[in-house]
Amino acid sequence: MPSKEILVLGEGDKEIIDFLERVRAANGLRVQLGKDVFSVKISSETVSDKGRDYLTKGGSIGSKK
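Shown next, in the form of structure tokens:
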């Protein structure tokens, strides 16, 4: 299930941006953190302004605020 949270990255997030670029270039990575191994996949998506508003504020798309 996709996350409803949108994390907006800025200039101060260079390490995260570099990591995501590595994941995209490799079409996925396995990452070991201690004894845990995570499979990391990435996909691009296009979110409309209306959809972004819904995801960040909640509520029905048809509702008036």
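As numbered in the numbering used here, residues 9 to 73 make up the sequence shown, in order. Beta carbons are placed, not taken as given, at the ideal position from N, Cα and C, and that holds for glycine. All of these numbers come straight from a predicted model, not from anything done at the bench.
If you look at V31, you'll find it in the alpha helix (DSSP H) that goes 22 to 34.
Pairing D57 with T64, the inter-Cα distance amounts to about 10 Å.
Across the set A33, R60, E19, the C-alpha of A33 shows the shortest separation from the C-alpha of K49. Distance from the CA of N35 to the CA of I25, rounded to the nearest whole angstrom, comes to 15 Å. Under DSSP, L41 shares a beta bridge with D44.
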